[in-house]
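Enquirer: Can you read through this structure? Questions will come right after.
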Amino acid sequence: MTSWHFITSEYPPQPGGVSDYTHQVAAGLAAEGDEVHVWCPPADGPTPQSAGVVVHRELNQLTLPDLRRAGKMLSEFSSPRRLLVQWVPHGYGYQSMNLPFCFWLYERAKIHKDLVEVMVHEPYLTFRGGSWKQSAVALVHRLMTITILNAAYKVWLSIPAWEACLRPYTLGRRVPFNWLPIPSTVPFAEDYAGARVVRERYARNGNILIGHLGTGERNINALLIDAIPLLWQTHCEFDLLLLGRRSESLRDEIVRKHSGIAAHIHATGGLSPENLSRHISACDLMFQPYPDGVSSRRTSTMVGLSHGLPVVTTTGSLTEPLWAESNAVALTPVEDHTAFAETLHRLLSDKDARSRMSVSAKKLYQDRFDVKHTISALRQAPR
Numbered sequence: 050m051t052s053w054h055f056i057t058s059e060y061p062p063q064p065g066g067v068s069d070y071t072h073q074v075a076a077g078l079a080a081e082g083d084e085v086h087v088w089c090p091p092a093d094g095p096t097p098q099s100a101g102v103v104v105h106r107e108l109n110q111l112t113l114p115d116l117r118r119a120g121k122m123l124s125e126f127s128s129p130r131r132l133l134v135q136w137v138p139h140g141y142g143y144q145s146m147n148l149p150f151c152f153w154l155y156e157r158a159k160i161h162k163d164l165v166e167v168m169v170h171e172p173y174l175t176f177r178g179g180s181w182k183q184s185a186v187a188l189v190h191r192l193m194t195i196t197i198l199n200a201a202y203k204v205w206l207s208i209p210a211w212e213a214c215l216r217p218y219t220l221g222r223r224v225p226f227n228w229l230p231i232p233s234t235v236p237f238a239e240d241y242a243g244a245r246v247v248r249e250r251y252a253r254n255g256n257i258l259i260g261h262l263g264t265g266e267r268n269i270n271a272l273l274i275d276a277i278p279l280l281w282q283t284h285c286e287f288d289l290l291l292l293g294r295r296s297e298s299l300r301d302e303i304v305r306k307h308s309g310i311a312a313h314i315h316a317t318g319g320l321s322p323e324n325l326s327r328h329i330s331a332c333d334l335m336f337q338p339y340p341d342g343v344s345s346r347r348t349s350t351m352v353g354l355s356h357g358l359p360v361v362t363t364t365g366s367l368t369e370p371l372w373a374e375s376n377a378v379a380l381t382p383v384e385d386h387t388a389f390a391e392t393l394h395r396l397l398s399d400k401d402a403r404s405r406m407s408v409s410a411k412k413l414y415q416d417r418f419d420v421k422h423t424i425s426a427l428r429q430a431p432r
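Each residue of the sequence shown is one higher than the one before, counting from 50 in my numbering.
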């Protein structure tokens with residue numbers, strides 16, 4: 050039986066993609082019979098229980114004394130301990146510059162002989178286009194990256210593009226890099242009656258219902274706000290359902306700029322996973338633009354695919370070739386808002402095309418991105 054120790058900056062009930070991902074993967078490993086421990090900061094509210102998963106909320110504020118205390122507790126477990134670090138540099142406090150945390154991981158690897166694996170969700174802040182403060186943080190992120198990569202014996206990547214970003218910071222060490230796509234974090238509820246109720250509420254007069262799942266990321270919101278009015282000029286028989294945290298504020302921004310379509314723009318706010326699944330199932334297709342293009346780290350697209358929905362999205366610098374090959378998504382250049390609107394209009398007018406994409410979406414998700422592939426890759430990886 051393999052023993053896992055997840056190190057994460059967030060875990061339910063804390064909201065966030067890393068939180069949801071860690072919960073899902075930890076539960077999946079435990080379901081296969083592995084011993085799973087999750088080390089994380091404290092949170093308000095009850096921690097969801099998963100059979101075989103023990104949660105240690107011992108990281109507190111992630112200060113050096115906190116880490117040393119947690120390290121003593123960690124050392125009580127038999128070695129070699131397999132640590133799976135969920136890496137997003139801005140997640141560990143200290144204004145995203147927690148270099149002591151990285152030194153602690155290095156110590157765990159070199160002195161305590163723990164096997165440190167790093168799951169890279171995001172690598173580091175870029176230097177380009179920022180203030181001197183951003184440049185200073187970006188520099189510290191490089192130091193953090195060097196430290197954590199030289200503590201790691203294996204690195205997992207949410208997208209293949211991260212390897213080119215990270216490989217120089219291994220300083221010549223032959224650390225294996227492996228692609229591990231992010232699965233959907235919203236289980237399919239199979240509540241067709243509930244989905245019909247949602248559809249009747251939001252899709253007026255039998256209109257097509259377009260869904261958008263987001264977390265309020267500013268650059269994504271800007272793409273959405275620019276594209277929707279162009280679509281409205283060519284196709285007015287649709288309603289837009291904004292889903293997820295901060296969706297109400299996004300609706301307010303859209304309506305403030307385009308008041309004429311206010312009656313067709315709806316927002317749900319935060320929803321439980323089961324209720325979110327019902328709302329997604331009520332939609333005809335998903336509209337998910339990204340400034341750097343769709344990629345295997347984009348959970349919001351994975352949610353749509355796992356529910357068998359066509360997804361209209363963007364191609365950009367981080368987009369893997371598989372998306373163009375899959376026939377499961379409709380791709381447009383990230384800056385071409387007119388092409389975005391035209392693609393949406395074409396799909397809104399072609400039910401058969403949407404049906405074909407729906408089948409391809411489900412197949413792509415099951416074949417490449419389902420969490421079962423994540424669990425299998427982690428368990429079968431050589432130690």
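We put the CB at the ideal spot given by N, CA and C, even for glycine.
Under 6 angstroms Cβ to Cβ from Pro230, same chain only, skipping five residues before and after it: list those, please.
Expert: Only Ser345, Phe418 meet the Cβ criterion.
Enquirer: From Pro138 to His190, what does the alpha carbon distance come to, in whole angstroms?
Expert: Each residue's alpha carbon lies about 7 angstroms from the other.
Enquirer: Indicate the three-state DSSP secondary structure (helix, strand or coil) for Ile231 in the structure shown.
Expert: It is coil, neither helix nor strand.
Enquirer: What three-state label does DSSP hand Ile303 in the structure shown?
Expert: Ile303: helix per DSSP, three-state reduction.
Enquirer: So, at 6 angstroms on beta carbons, what are the nonlocal neighbours of Ile310 in its own chain, with the 5 sequence-adjacent residues on each side left out?
Expert: Result list for Ile310: Trp281, in chain order.
Enquirer: Does the distance from the CB of Val247 to the CB of Arg117 come in under 8 angstroms?
Expert: No, the pair does not count as a contact, with Cβ atoms beyond the cut-off.
Enquirer: For a minimum of 4 consecutive residues, which ranges assigned as the alpha helix (DSSP H) are wholly contained in the stretch 59-133?
Expert: List check, alpha helix (DSSP H) in window: 66-80, 113-123.
Enquirer: Our contact map puts Pro370 next to Ser407 with C-beta atoms below 8 angstroms; I'd like the distance itself, whole angstroms only.
Expert: Rounded, the Cβ-Cβ distance is 22 angstroms, inconsistent with contact.
Enquirer: Would Asn147 pass as an interface residue toward chain C - the criterion being a Cβ-Cβ separation below 8 angstroms?
Expert: As a matter of chain content, chain C is missing from the structure shown, which is built from one protein chain.
Enquirer: Can you tell me whether DSSP reads Tyr339 as helix, strand or coil?
Expert: Coil at Tyr339, not helix or strand.
Enquirer: For Val378, write down the residues that DSSP places opposite it in a beta bridge.
Expert: Answer by DSSP bridge pairing, in chain order: Val360.
Enquirer: Ignoring anything shorter than 4 residues or poking outside the stretch 199-276, list the alpha helix (DSSP H) runs there in chain order.
Expert: Qualifying alpha helix (DSSP H) stretches, in chain order: 211-215, 241-251.
Enquirer: Using a 10 Å radius around the Cβ and a threshold of 16 neighbouring Cβ atoms, would you call Ser207 buried or exposed?
Expert: So Ser207 counts as buried.
Enquirer: Using 8 angstroms as the cut-off, can you tell me whether the stretch 283-295 makes contact with the stretch 210-218, which would need three or more C-beta pairs spanning the two stretches below that distance?
Expert: No: the two stretches stay apart, fewer than three of their Cβ pairs being nearer than 8 angstroms.
Enquirer: Go ahead and pull the three-state DSSP assignment for Ser52.
Expert: Looking at Ser52 - three-state DSSP - the assignment turns out to be strand.
Enquirer: For His105, tell me which candidate among Leu111, Pro90, Leu113 has the shortest Cα-Cα distance.
Expert: Taking only the C-alpha atoms, the option nearest His105 is Pro90.
Enquirer: Reducing DSSP to helix, strand and coil, say where Leu413 ends up.
Expert: Helix, per DSSP.
Enquirer: When you compare each of Pro236, Phe389, His170 to Pro338 by their alpha carbons, which one comes out closest?
Expert: Checking every option, the nearest Cα to that of Pro338 belongs to Phe389.
Enquirer: For Thr71, which residues from the same chain have a beta carbon less than 7 angstroms from its beta carbon, with the 5 sequence-adjacent residues on both sides left out?
Expert: Answer for Thr71: Phe55, Thr57, Tyr60, Val87, Gln135, listed in chain order.
Enquirer: For Asn227, which residues from the same chain have a beta carbon less than 6 angstroms from its beta carbon, with the 5 sequence-adjacent residues on both sides left out?
Expert: If we look at Asn227 and ignore the five residues flanking it on each side, its Cβ neighbours are Trp205.
Enquirer: Write down the C-beta distance between Gly265 and Leu320 rounded to the nearest angstrom, noting that I regard them as a contact closer than 8 angstroms.
Expert: Incorrect: roughly 15 angstroms between the Cβ atoms, too far for contact.
Enquirer: Comparing alpha-carbon positions, which option in Leu174, Gln110, Ser180, Ala201 lies nearest Cys214?
Expert: Of the listed residues, the one whose Cα sits closest to Cys214 is Leu174.
Enquirer: Are the CB atoms of Thr362 and Pro382 nearer to each other than 8 angstroms?
Expert: No, the pair does not count as a contact, with Cβ atoms beyond the cut-off.
Enquirer: Between the Cα of Thr392 and those of Ser330, Asp301, Leu380, spot the shortest distance and give me the residue it belongs to.
Expert: Among Ser330, Asp301, Leu380, the Cα nearest to that of Thr392 is on Leu380.
Enquirer: Excluding the 5 residues flanking Ser52 on each side, which residues of the same chain have their C-beta closer than 6 angstroms to its C-beta?
Expert: Within the same chain, Ser52 has close Cβ partners Glu84.
Enquirer: Let me know the secondary structure DSSP gives Ala187 once reduced to three states.
Expert: Helix at Ala187.
Enquirer: So, helix, strand or coil for Phe176, using DSSP?
Expert: Coil.
Enquirer: When you compare only the Cα positions, how much space is there between Gly255 and Glu374?
Expert: Approximately 32 angstroms between the Cα atoms of the pair.
Enquirer: Give the secondary structure of Val383 by DSSP, where H, G and I count as helix, E and B as strand, and everything else as coil.
Expert: Val383: coil per DSSP, three-state reduction.
Enquirer: Just to confirm the assignment, what range does the alpha helix (DSSP H) spanning Met351 have?
Expert: Met351 -> alpha helix (DSSP H) spans 348-355.
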